[in-house]
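If you're matching them up, the sequences are chains A and B in order.
Residue numbering for the first sequence follows our numbering, starting at 1405 and increasing by one per position.
Residue numbering for the second sequence follows our numbering, starting at 1405 and increasing by one per position.
Glycine included, every Cβ here is placed at the ideal spot set by N, Cα and C.
Working notes for the structure below.
Protein chains: 2
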Amino acid sequence: MSVLMGISKAGLKPSGREDLLVVYFEKPLPVSAVYTKNYFKAAPVIHSQNLTDRRKEFRAFVVNSGNANCGTGEEGLRHAELMAERVAKNLNLKREEVLVFSTGIIGVPLPIDRVLEAIDTACGNLEPLDLKRASEAISTTDRFPKYAREKYAFGFGKGAGMIHPNMATMLAYVFTPAKLDYEELRKIHLEVNEKTFNSITVDGCTSTNDSFLLISLNEEEIPASRVKEDVFKVSQKIAKLIVADGEGATKVGIVRVINALHREKAKAIAEKVAVSELVKTALFGCDPNWGRIAAAAGSVPDYPINPNSLSIYIGEYKLLERGTPTDVNLEEVAKYMREHKEVLITVDLGEGNADWTYYTSDLTYDYVKLNAEYTT
Amino acid sequence: MSVLMGISKAGLKPSGREDLLVVYFEKPLPVSAVYTKNYFKAAPVIHSQNLTDRRKEFRAFVVNSGNANCGTGEEGLRHAELMAERVAKNLNLKREEVLVFSTGIIGVPLPIDRVLEAIDTACGNLEPLDLKRASEAISTTDRFPKYAREKYAFGFGKGAGMIHPNMATMLAYVFTPAKLDYEELRKIHLEVNEKTFNSITVDGCTSTNDSFLLISLNEEEIPASRVKEDVFKVSQKIAKLIVADGEGATKVGIVRVINALHREKAKAIAEKVAVSELVKTALFGCDPNWGRIAAAAGSVPDYPINPNSLSIYIGEYKLLERGTPTDVNLEEVAKYMREHKEVLITVDLGEGNADWTYYTSDLTYDYVKLNAEYTT
Chain A
1405 MSVLMGISKA GLKPSGREDL LVVYFEKPLP VSAVYTKNYF KAAPVIHSQN
1455 LTDRRKEFRA FVVNSGNANC GTGEEGLRHA ELMAERVAKN LNLKREEVLV
1505 FSTGIIGVPL PIDRVLEAID TACGNLEPLD LKRASEAIST TDRFPKYARE
1555 KYAFGFGKGA GMIHPNMATM LAYVFTPAKL DYEELRKIHL EVNEKTFNSI
1605 TVDGCTSTND SFLLISLNEE EIPASRVKED VFKVSQKIAK LIVADGEGAT
1655 KVGIVRVINA LHREKAKAIA EKVAVSELVK TALFGCDPNW GRIAAAAGSV
1705 PDYPINPNSL SIYIGEYKLL ERGTPTDVNL EEVAKYMREH KEVLITVDLG
1755 EGNADWTYYT SDLTYDYVKL NAEYTT
Chain B
1405 MSVLMGISKA GLKPSGREDL LVVYFEKPLP VSAVYTKNYF KAAPVIHSQN
1455 LTDRRKEFRA FVVNSGNANC GTGEEGLRHA ELMAERVAKN LNLKREEVLV
1505 FSTGIIGVPL PIDRVLEAID TACGNLEPLD LKRASEAIST TDRFPKYARE
1555 KYAFGFGKGA GMIHPNMATM LAYVFTPAKL DYEELRKIHL EVNEKTFNSI
1605 TVDGCTSTND SFLLISLNEE EIPASRVKED VFKVSQKIAK LIVADGEGAT
1655 KVGIVRVINA LHREKAKAIA EKVAVSELVK TALFGCDPNW GRIAAAAGSV
1705 PDYPINPNSL SIYIGEYKLL ERGTPTDVNL EEVAKYMREH KEVLITVDLG
1755 EGNADWTYYT SDLTYDYVKL NAEYTT
């Protein structure tokens, strides 16, 4: 069983680079999909979600980059349908066996004729899936391609926050050779998604086009726990690459909340710390400012923390111990922050056994520059 | 009935400016207080909240700026008590008739001896309340004083987001001459608070020390609706001054959500748009980027919007009409944004009659500079 791809150009990117990817499976494969929870959804998301709600197996998907086909009304939906139809016609499939994804600028109609021609070209030049080239073909403002491979899973993705005037979507496609029925696949998918793509933030903004697929190749008998491990590793690696490629980012912050009463609380507090503009600027400034971390951790409305059981670490350095500042050498902590691209922030709630990890980027001059300077 | 104040210096500010304010009421007055909802609360907030939970009338309050007395453990609580005790001793009051507030750096013990001496000095030099000077005495990183006066209300405050290494608290004290019992006062207070200080954002971060008091002077019979109107105006003016003084801010964004199903939904969506880093950088860049506004409006988990009934305006310009982009001249909209310090963003959900307004600042290079460059 092999996965094939075809790549071509519809002329959607200012750079003129490849912007259309068709991925084809030789037989129907179980596909589990999760989409953005944004209510202002792009047309291809509406289209594909309708399909994955009704069917469990698919034969192909098509992705165009450079145009999100979002905020494009009825016409946008028709364009998504036309894309699926054209792939189906070329590959002798049913239209409903083809999923559609788009990423790029919002509110601009797709030049549909050029897109359909590019689909013809891509379908006429199928070759084995190349993760790096597939990632490049679906990239928009990404500075580098995103892909990963483990023994029992491999995948590719794209995403780097949102750059004007685009909404730079996060897209990821992960495959496993494991023989799994849809229910098993779905269970692994949702669990991994929560811990990877649902635990990263660049700017706290939910795109209109985000999609993440897990696809089973149905080739080998592999224990589900082993599959999950590798699907997690591949997804986590792609997720971290997206954060590292965050707009203007110079660092990845790994925010770990430990010893919480339960996972939901650990996650909510990790998220609050990870999206805090004050924590993110402190990360950029290599400033071991535990007060900002404590204030963020304390500000989740439904999850009280007890200041007297709260401890905070940066790297291995303990800055706050059960509510009282330690006499740690702050200059040494700042040095650790300066010398590491990945900075570990640990928030110990001291009340239970649950933990959660969230990944974030720092907030830099370049973030403001990228998002403010380029005007319509 | 008059309100007196005493101002002095405890040497808590690097600038060496006045940093201690005592406010004294000639007779016990009904005081309604609201505090930060952060669980990592400062010692004076814990102290004062304990008092206002049990009592409804007070005789004085004391505020020091330059040190938040937060993250200071048991010692911090003792310091807050000592401050109340010292004011009480000087003014011949009971300790529990005195409220205590602090704002400034986190995690550093108060130099309590100097603070207590400064309280003696302030209490020995009482004079009629001067709103501007009172605001200056409690300011930290503020660029200008914040106060306002209407016929039936007057008040002062401070706040400008959070600047390293401080958590710059928001504090506000509003008075009305109206004869009101505590319950009436409380009702007006909570309602006004929701629409003013609970509807502003500089960086989405909840400080550890935020406090807002409404105090009745019990002098005149005034209809409650009239009182509320003026308390609202004064509070709104102080709240807008805080946003305008937001760290590095060049503009105030007025985010209005209209025609929502109900107020909670209007407020939740207005808040999401107001805290969006992408909307805030677009505001800075004078970029009429309606896609970011739509994406933010659509991303509140519990409140679905219908893209096909969504319209978006900047100023008087309609950019999106019931889900479809208009042919507005975007250069004219950008010009409106460049030429106004206050930029109006209207999100019309087209589904009901409820509305809410949120105030936000733009996200600028100076915000990043202020929060990243000054390291501990």
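Asked	Found
Sort out for me which residues DSSP pairs ILE1658 (chain B) with in a bridge.	B:LEU1748 and B:TYR1763
Please confirm whether ILE1709 (chain B) has its beta-carbon closer than 9 Å to some beta-carbon of chain A.	yes
What residue range is occupied by the uninterrupted beta strand (DSSP E) comprising SER1412 (chain A)?	1407-1412
If you follow the alpha helix (DSSP H) that ARG1482 (chain A) is part of, which residue opens it and which one closes it?	1477-1495
What residue range is occupied by the uninterrupted beta strand (DSSP E) comprising ARG1553 (chain B)?	1550-1554
Please identify the residue among B:TYR1762, B:GLU1743, B:GLU1478 and B:VAL1683 whose C-alpha is closest to the C-alpha of PRO1513 (chain B).	B:GLU1478
To the nearest angstrom, how far is it from the Cα of PRO1708 (chain B) to the Cα of GLN1453 (chain B)?	37 Å
My output table needs one value for LEU1424 (chain A): the three-state DSSP class, helix, strand or coil.	strand
Report the partner residues of ALA1464 (chain B) according to the DSSP bridge assignment.	B:TYR1428 and B:VAL1502
Return the CA-CA distance between LEU1503 (chain B) and ARG1590 (chain B), expressed in angstroms with no decimal places.	17 Å
Take SER1419 (chain B) as the anchor and find which of B:SER1406, B:SER1469 and B:ILE1411 has the nearest alpha-carbon.	B:SER1469
Just to confirm, is the Cβ distance from GLU1681 (chain B) to GLU1625 (chain A) under 9 Å?	no
Just by C-beta distance, which residues in the stretch 1670-1702 of chain A are closer than 8 Å to chain B?	VAL1679, SER1680, GLU1681, LEU1682, THR1685, ALA1686, PHE1688, GLY1689, CYS1690, ASP1691, PRO1692, ASN1693, TRP1694, GLY1695, ARG1696, ALA1698, ALA1699, ALA1700, ALA1701 and GLY1702
Going by DSSP, which residues form a beta bridge with GLY1559 (chain A)?	A:ALA1552 and A:VAL1578
Indicate whether VAL1732 (chain B) and ILE1673 (chain B) have their beta-carbon atoms separated by less than 9 Å.	no
Taking only three categories from DSSP, how would you classify PRO1711 (chain B)?	helix
Suppose the cutoff is 7 Å on Cβ atoms and the five residues either side in sequence are ignored; what does the same chain contact list for LEU1687 (chain B) look like?	LYS1655, GLY1657, VAL1747 and ASP1766
If you reduce the DSSP assignment to three classes, tell me which class TYR1443 (chain A) lands in.	coil
Can you have a look at HIS1666 (chain A) and say buried or exposed, based on whether 16 or more other CB atoms are within 10 angstroms of its CB?	exposed
Are the CB atoms of GLY1480 (chain A) and PRO1729 (chain B) within a distance shorter than 9 Å?	no
Tell me the DSSP secondary structure of SER1611 (chain A) in three-state form.	coil
Which word fits LEU1594 (chain B), buried or exposed, when buried means at least 16 other C-beta atoms lie within 10 angstroms of its C-beta?	exposed
Roughly how many whole angstroms lie between the Cα atoms of ALA1447 (chain B) and PHE1505 (chain B)?	9 Å
Roughly how many angstroms lie between the CA atoms of TYR1740 (chain A) and GLY1719 (chain A), to the nearest whole one?	7 Å
Using the three-state DSSP reduction, which class does HIS1568 (chain B) fall into: helix, strand or coil?	Note that HIS1568 (chain B) scores 36 on pLDDT, short of 50, meaning its location in the model is unreliable and no value can be drawn from it.
Give me the residue from B:ILE1662, B:TYR1428, B:GLY1702 and B:ASN1529 with the minimum Cα distance to GLU1755 (chain B).	B:ILE1662
For PHE1616 (chain A), write down the residues that DSSP places opposite it in a beta bridge.	A:VAL1438 and A:ALA1576
Cα separation between TYR1762 (chain A) and PRO1549 (chain B)?	39 Å
Do the CB positions of PRO1692 (chain A) and GLY1702 (chain A) come within less than 9 Å of each other?	no
Out of A:THR1605, A:PHE1601, A:THR1612 and A:LEU1621, which one is the CA nearest neighbour of PHE1636 (chain A)?	A:PHE1601
Between VAL1638 (chain A) and LEU1584 (chain A), is the Cβ-Cβ spacing less than 9 Å?	no
Check for me: the alpha helix (DSSP H) holding LYS1739 (chain B) runs from which residue to which?	1734-1743
Among the candidates B:ILE1642, B:THR1764, B:GLU1540 and B:SER1611, whose CA atom is the shortest distance from the CA of ILE1411 (chain B)?	B:GLU1540
Do GLY1561 (chain A) and ILE1510 (chain A) come within 9 Å of each other at the CB atom, strictly closer than that value?	no
If we count the other Cβ atoms within 10 Å of its Cβ and call it buried at 16 or more, is SER1406 (chain A) buried or exposed?	exposed
Within a Cβ cutoff of 6 Å, which residues of the same chain sit near ILE1619 (chain B), ignoring the five residues on either side of it in sequence?	LEU1433, VAL1435 and PHE1579
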